[in-house]
Each structure stands twice: as structure tokens, then as C-alpha cells.
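Residue numbers (this note's numbering), protein chains in the order written: chain H, 720 to 1028; chain X, 720 to 1028.
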């Protein structure tokens, strides 16, 4: 079961020769979730060998061009590739209006667009047996949402040798998989931990872009494995960050520290910085486990059993 | 004085890892003319070291996504780069409606868009002292126009040694530069060719995309230095070409032959052909001086004096 993030675009509003505008792809379980869709996203998918038809969910943070200008091209391509199954789109209310414009100029798409509106109440916008996605309101110049992806608790795996040893029946197994202890016919209580393998860690990824620094976000992304936080500006341009409701690299790192995340990714770098390593270094002074992302980077979180529990 | 074409995108509707959707840039004199603007055009400009702010004219062939989906991103970038001067846009009537949508969702641009509507009467859509551009109606599934760029006739250069030899005055010079012979005080007629350097060849570029094969186009692009003609399909998919109102490579070459152009460029290759060399070869069987274009190609036509005239 993969839980793998691919960076498709890492620039801020102005793309550069090497950085396309923002787009991330999370491959979680068997599903591909596209997060934002800057201009050229479909080209990056091709370049990185990802079939766009495998995407069934597109989550949009906000309606600024550098996060959505790739949508028309991607939808058009999906149509030409013969897509018939619906595509789910998540985002602020304006997203539906923006996309309604597609058919007006470029004709009907051969598949349905299903909209899920992200709202202020931090709802789950997606939930299945393996994964939940929560929308997190951000503070930007237009309604904006981050997204928190978290694996669901899975049923426990029962140790095969114990099934025989304790004579577990089908009904017992269902209970033990859920985490219950086993009571034998003689009345002995066998603790669940003795019967099962340690549970899998529930992997998580939080995407917070675009936003001004907001310490209240820390509680919402507490302890995630991977946090992407925008870091448009350097500390010396802190004023500009505040004016435009963006964050500095140090602010992104402060959020990561407050939230106690395992790893911080920063991106959405302003094209004014010729060497974004500067921003990575500023962040690292606050939160060491920080990486400045580049287009094409892949961050994979292995499926691991918790130990000592 | 440069007359140089840069291929920014050479794919048909579906981009590939190496081919972006259609966009060409003609640098003629001191001006940059962008011809079509597929998704990622602004990224290609960055990659090829061309400052997008230098573009003052954008010519759009037709309102299919693979020719216009880069417009929103480019306009947005020009605005963020501080553009104040107007941008001229040429194309079918629907172009204005399409772009009016930009401000509705992404706010006003800090510069004006001036529209020149291409129409069926093959007008000059642009004309200055150096260059004229003519719109050429094409046959496609939606109103579509090709564009013919041709340098204007320049004033002749008078041979310096002859000015003194024949005692040419300022008024005489004006006439001689226009091509007139000189009549000396003694009544002797000095032929213009004896007084002036041979004139410069008027360089020309014609862009015909997207279109079905239309032999009547040959008269309109007769003898151009460089003809770009779309070649979406191979001969074996001729039926598909007819159905979709596109051309095969051999049809593009037939047009080039009929028109007696100097060099043919083909592109807008369907992504179904893994090796577009196939299309180039099919075209070469009909018209030898054919090149299948790739993103990043530059075709420069030198400024040369006509000889033997």
C-alpha cells in the first residue's frame, strides 16, 4: 500500500524554467489524488510517467491562477482519452462556476464533474475504508483550504500461530481484529496484543498552501508524517509576506515545530529567489527536518507497524 | 534585422513529455509575435530565455484548447511583471468572449487588451513600415485563421560612391531610394540599378494550423520562405484527418508544392505517433525541403540582397 507524494510543480505565481506552478499528486492506497492544478500539470504527469486517467479526485486549494490554470487542459485531455467515469472536484464554491465556463467555450465533456464544496466547518470532504480527507480553512486573499489526508485505522492482523493455539473461531477473529481481548472457554483472558501483530501506523499528509502564518493550524495538523507548508518569501521580505497573505520559510518551519510534525516540505517559492536553498536554510534554523521541494521530487512514507504498543 | 521563428510547442491536442501544445514565436524586426498559446507557453518562453514582456502581439488561430489554454497564465504573468502597455490580440470573434472571463474570476489586468478580429475577407490585421500580417481563413471545425507575415519593401540603399559621382542632391536621393532612375542636368538617364545596391528580399512566414487540406490556400501563401502547415495525421489515418478536419503530412507537403514555398515545416503531430519522423518522411516524399519541428527549434531567415535584379 503506497503513500507517496509527487511534486508536479513547486513555483509560486510566476513559473521558472525548472519550476512549474503548484500541483501535488498523492498516491494513497490504490487512488491518485491531485492537489491543485497549475498550468502544465498534465505535461508534468506525462513527464513523470503518470497516466492522467488514473486520477479520480482533484482537490483545489483556492481560485488563484497558479493553482488552477492547468484544469482546463487536464479536463480536455481526460475527455480526449475517452474518460466516461465521473471526476470528483473539491474546493471553494467558486470552483464550480469557473469550470462551468469550460463547456461554454470548449463544448461538453464526455464525463461528469462532481463537486464537493470545501467549507469553514472543517468537514471530511472524502472518506472511505482506507483514507479520510479533511478540509482546513486557510487565511489567504481569497477563500482557501488546506487538505489533511490520513489513513484510517485498519483491522488488526491476527498471528496465525495463535489462531490454532487458542482455537479462535470466526466470530472470535472478527472481535480480535477489532482490538478486543479473547476470553477462552476456561475464562482465561488473552490480551489482544498477544494475539495480533502490532497495528500499522496511520500515515498522514497535510497540504497548507496558500496561507499567511496561522499558529492555530498547528492543532489541526498535529504530528502528521509529512507537512507541506508554502514558503513564498524569505525572512527579509516578511512585510511582503504579510501584505500578500503568504508565509516566510521561517514561519512555515515554526508551524511545523508547533505541530510537532515528522517532516516539513516547503515550496511555492517566489521566483525572485534565484537559489531557493536560501529559504530551506532559513526554515532549517527553526525546524531541522525540512526539505525545499523541486518538481519531480517523490516523498514516500513506508507502511510500518507500530512498535512498543 | 532578425526574422526568426521559435517553436514553443509542437504537439496536437494531447501534449507529450517532450512536446507542449501549439505555440510559435516570430521575432520580426524588433517585434515579437506570439502565434497561438497552448498550455505551458509561458514556461517554454522561460525555458528558451525569452522575456514574455517583449511580446506585444498575440495571434490566435482558433478557439480550441490546445491553442489557447496558455493565455490565462501568460496574461496573469504579464500583469504580475508590471505590464502597463496594451497587448494586442488577433483572432476569431470568440476570443474576446473567452478572455473577458479572465477578469471575472481572476480580477482586472493592469493593462489593456486590444482585440483585432480576424475575418473572412483576408484583411491585413497588422501593418507597419516593416511588416504586414494577413489573416487567412482555414477550414476547421470552428472558425480558424492562418497568418501570413511578410516584410514590406524597403527603400533602396544608394551606393555612396555614386552620390558624389553623379552629384545627387537630397531630392534626387529620395527618388532614387524609391527606385526611380536619375536624370542628370545634361539629360543623361542613369538607371536606378547603377545607383543603388540590390534590394533586400522580403522575408515571409505563413502559419496554417489547424486546417483540413485546402488547395485554394496555395495561392495565398505562394512562394513564402517558410510555411508551417499542420500535419496531425499519417497517410494511413487519412480518414481520421478528414473526419476531424485536420491534414496528413503528405497533404501538408502537397500544399507546399502547389504553393512553391522555399521550406515547409510540419508539426501539430498527434501523440499516437511515437516517432514523428514517420510523418516527416511521408511529407518528404512529396516535398523534399520539409522539416518536422520540435519544441525549441529555431528557424532563422537571413536578411539577403536579391542578386541578378
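Here a beta-carbon is modelled for each residue, glycine too, at the ideal position from N, C-alpha and C.
Inset, instruction - Please check if any C-beta of chain X sits within less than 8 Å of the C-beta of residue 736 of chain H. - result: Residue 736 of chain H sits at position 17 when you count from the first residue of the first chain. Closer than 8 Å to some Cβ of chain X, the Cβ of residue 736 of chain H qualifies, so yes.
Inset, instruction - Taking a Cβ distance cut-off of 7 Å, strictly less, list which residues of the segment 756-772 of chain X are near chain A, in chain order. - result: In summary, chain A is missing from the structure at hand, where the protein chains are H and X.
Inset, instruction - Could you please give the first and the last residue of the uninterrupted alpha helix (DSSP H) stretch that includes residue 830 of chain X? - result: Sequence index remark: in the second chain, residue 830 of chain X carries index 111 (1-based). That residue, residue 830 of chain X, is in no alpha helix (DSSP H); it is neither H nor E in DSSP.
Legend entry - Given 8 Å, three or more beta-carbon pairs between the segment 940-951 of chain H and the segment 975-995 of chain H: Taking 8 Å as the limit for Cβ pairs, the verdict is that the segment 975-995 of chain H does touch the segment 940-951 of chain H.
Legend entry - Nearest-angstrom beta carbon gap, residue 951 of chain X and residue 989 of chain X [assumed within contact, 8 Å]: For the purposes of this step, residue 989 of chain X is taken as the residue at position 270 of the second chain. For the purposes of this step, residue 951 of chain X is taken as the residue at position 232 of the second chain. Contact holds; Cβ gap of about 5 Å.
Legend entry - For residue 895 of chain H and residue 734 of chain H, the rounded distance between their alpha carbons: On the first chain, position 15 is the one that residue 734 of chain H refers to. On the first chain, position 176 is the one that residue 895 of chain H refers to. Taking the straight line joining both Cα atoms gives about 53 Å.
Inset, instruction - Report the neighbours of residue 792 of chain X on chain H: residues whose CB is nearer than 7 Å to its CB, in chain order. - result: Here the question's residue 792 of chain X lines up with position 73 in the second chain. Those are 758, 784 and 788, listed as they occur along chain H.
Inset, instruction - Let me know if residue 1028 of chain X comes out buried or exposed under the rule of 16 or more other beta-carbons within 10 Å of its beta-carbon. - result: Against the second chain, residue 1028 of chain X aligns to sequence position 309. Low local confidence applies: a pLDDT of 45 at residue 1028 of chain X is under 50, so the model's placement there is unreliable, and no value is given.
Inset, instruction - Label residue 737 of chain H either buried or exposed according to how many other C-beta atoms from any shown protein chain fall within 10 Å of its C-beta, with 16 as the threshold for buried. - result: Numbered from 1 along the first chain, position 18 holds the residue referred to as residue 737 of chain H. So residue 737 of chain H counts as exposed.
Inset, instruction - Out of H:832, H:926, H:826 and H:812, point me to the one whose CA is closest to residue 824 of chain X's CA. - result: On the second chain, position 105 is the one that residue 824 of chain X refers to. Taking only the C-alpha atoms, the option nearest residue 824 of chain X is H:812.
Legend entry - Residue-chain proximity (residue 968 of chain H, chain X), Cβ-Cβ < 8 Å: Taking the first chain and counting its residues from 1, the one referred to as residue 968 of chain H is at position 249. Answer no: the Cβ-Cβ gap between residue 968 of chain H and chain X never drops below 8 Å.
Legend entry - N- and C-terminal bounds of the alpha helix (DSSP H) containing residue 993 of chain H: Here residue 993 of chain H is taken as the residue at index 274 of the first chain, counted from 1. Run containing residue 993 of chain H: none; DSSP gives neither H nor E here.
Inset, instruction - Starting from the C-beta of residue 722 of chain H, find all residues in its chain whose C-beta is less than 6 Å away, skip the five residues before and the five after it, and write them out in chain order. - result: Taking the first residue of the first chain as 1, we reach residue 722 of chain H at position 3. Result list for residue 722 of chain H: 747, 922 and 1020, in chain order.
Inset, instruction - Within 10 angstroms of the Cβ of residue 855 of chain X, are there 16 or more other Cβ atoms? Answer buried if so, exposed if not. - result: Sequence index remark: in the second chain, residue 855 of chain X carries index 136 (1-based). Buried, since its Cβ has 16 or more Cβ neighbours within 10 Å.
Inset, instruction - For residue 998 of chain X, collect the residues of the same chain with a Cβ closer than 7 Å to its Cβ; drop the 5 residues on either side in sequence, then sort them by chain order. - result: Position 279 of the second chain, counting from 1, holds the residue named residue 998 of chain X. Same-chain partners within the cutoff: 950, 953, 968, 985, 988, 992 and 1011.
Inset, instruction - Could you check if residue 938 of chain X is buried or exposed, using at least 16 other CB atoms within 10 Å of its CB as the buried criterion? - result: To locate residue 938 of chain X, count along the second chain from 1; it is residue 219. Residue 938 of chain X should be labelled exposed.
Legend entry - Short CB-CB distance (under 8 Å) between residue 1018 of chain X and chain H: Counting from 1 along the second chain, the entry for residue 1018 of chain X is found at position 299. No, its Cβ sits nowhere closer than 8 Å to a Cβ of chain H.
Inset, instruction - Could you name the residues of the same chain whose beta carbon sits closer than 7 Å to that of residue 926 of chain H, not counting the 5 residues immediately before and after it, in chain order? - result: In the first chain, counting from the first residue as 1, residue 926 of chain H sits at position 207. So the qualifying residues of the chain are 743, 754, 865, 866 and 947.
Inset, instruction - Report the three-state DSSP secondary structure of residue 1026 of chain H (helix, strand or coil). - result: Residue 1026 of chain H sits at position 307 when you count from the first residue of the first chain. Residue state, collapsed to three classes: coil.
Inset, instruction - Please name the residue in H:808, H:841, H:840 and H:851 whose C-alpha comes closest to that of residue 831 of chain H. - result: Residue 831 of chain H sits at position 112 when you count from the first residue of the first chain. Checking every option, the nearest Cα to that of residue 831 of chain H belongs to H:808.
Legend entry - chain X contact for residue 938 of chain H (CB, 8 Å cutoff): On the first chain, residue 938 of chain H is found 219 positions in, with the first residue counted as 1. Using a Cβ-Cβ cut-off of 8 Å, residue 938 of chain H does not count as an interface residue toward chain X, since no Cβ of chain X sits closer than that to its own.
Inset, instruction - In angstroms with no decimal places, state the Cα-to-Cα distance between residue 1025 of chain X and residue 795 of chain X. - result: Start at 1 with the first residue of the second chain, and residue 1025 of chain X comes out as number 306. Start at 1 with the first residue of the second chain, and residue 795 of chain X comes out as number 76. The alpha-carbon atoms of residue 1025 of chain X and residue 795 of chain X are separated by roughly 44 Å.
Inset, instruction - Put residue 960 of chain H into one of helix, strand or coil per three-state DSSP. - result: The residue labelled residue 960 of chain H in the question sits at position 241 within the first chain. In the structure shown, residue 960 of chain H adopts helical secondary structure according to DSSP, grouped into three states.
Legend entry - Secondary structure of residue 897 of chain H, DSSP reduced to three states: Reading the first chain from its first residue, position 178 is the one you call residue 897 of chain H. Residue 897 of chain H falls in the helix class under three-state DSSP.
Inset, instruction - Check residue 787 of chain X in the structure and name its three-state DSSP category. - result: Taking the first residue of the second chain as 1, we reach residue 787 of chain X at position 68. Three-state DSSP puts residue 787 of chain X in a helix.
Legend entry - Chain-ordered neighbours of residue 739 of chain H on chain X, where CB pairs are closer than 7 Å: Position 20 of the first chain, counted from the first residue, corresponds to residue 739 of chain H. 762, listed in chain order.
Legend entry - Proximity test, Cβ basis, 8 Å: residue 733 of chain X and chain H: Here residue 733 of chain X corresponds to residue number 14 of the second chain, with the count starting at 1. Output row for residue 733 of chain X: interface = yes.
Legend entry - Distance CB(residue 725 of chain H)-CB(residue 928 of chain H) smaller than 8 Å: Counting from 1 along the first chain, the entry for residue 725 of chain H is found at position 6. Counting from 1 along the first chain, the entry for residue 928 of chain H is found at position 209. Cβ distance not < 8 Å, so residue 725 of chain H and residue 928 of chain H don't count as in contact.
Legend entry - Identified DSSP bridge partners for residue 855 of chain H: In the first chain, counting from the first residue as 1, residue 855 of chain H sits at position 136. In the DSSP output, where bridge partners are listed per residue, residue 855 of chain H has H:865.
Inset, instruction - Express the C-alpha separation of residue 1005 of chain H and residue 909 of chain H in angstroms, rounding to a whole number. - result: On the first chain, residue 909 of chain H is found 190 positions in, with the first residue counted as 1. On the first chain, residue 1005 of chain H is found 286 positions in, with the first residue counted as 1. C-alpha separation (whole angstroms): 47 Å.
Legend entry - Span of the beta strand (DSSP E) around residue 807 of chain H: The residue given as residue 807 of chain H occupies position 88 in the first chain. Here the beta strand (DSSP E) through residue 807 of chain H covers 806-810.
Legend entry - Min CB distance residue 960 of chain H to chain X below 8 Å: Within the first chain, the letter at position 241 stands for residue 960 of chain H. Taking Cβ atoms only, chain X never reaches closer than 8 Å to residue 960 of chain H, which makes this a no.
Inset, instruction - Return the residue from the list H:888, H:730 and H:780 that minimises the CA-CA distance to residue 853 of chain H. - result: In the first chain, the residue the question calls residue 853 of chain H occupies position 134. Minimum Cα distance to residue 853 of chain H is reached at H:780.
Inset, instruction - Can you give me the Cβ contacts of residue 731 of chain H inside the same chain, cut-off strictly under 7 Å, excluding the 5 residues immediately before and after it? - result: For the purposes of this step, residue 731 of chain H is taken as the residue at position 12 of the first chain. Counting only Cβ-Cβ distances below 7 Å, and skipping sequence neighbours, we find 785, 951, 987, 988, 989 and 990.
Legend entry - Exposure label - residue 765 of chain X; buried when at least 16 CB within 10 Å: Against the second chain, residue 765 of chain X aligns to sequence position 46. Answer is buried; the Cβ neighbour count reaches 16.
Inset, instruction - Drop a sphere of 10 angstroms on the beta-carbon of residue 829 of chain X, count the other beta-carbons inside from all chains shown, and report buried for 16 or more, exposed for fewer. - result: By 1-based counting over the second chain, the position of residue 829 of chain X is 110. Its Cβ having fewer than 16 others within 10 Å, residue 829 of chain X is exposed.
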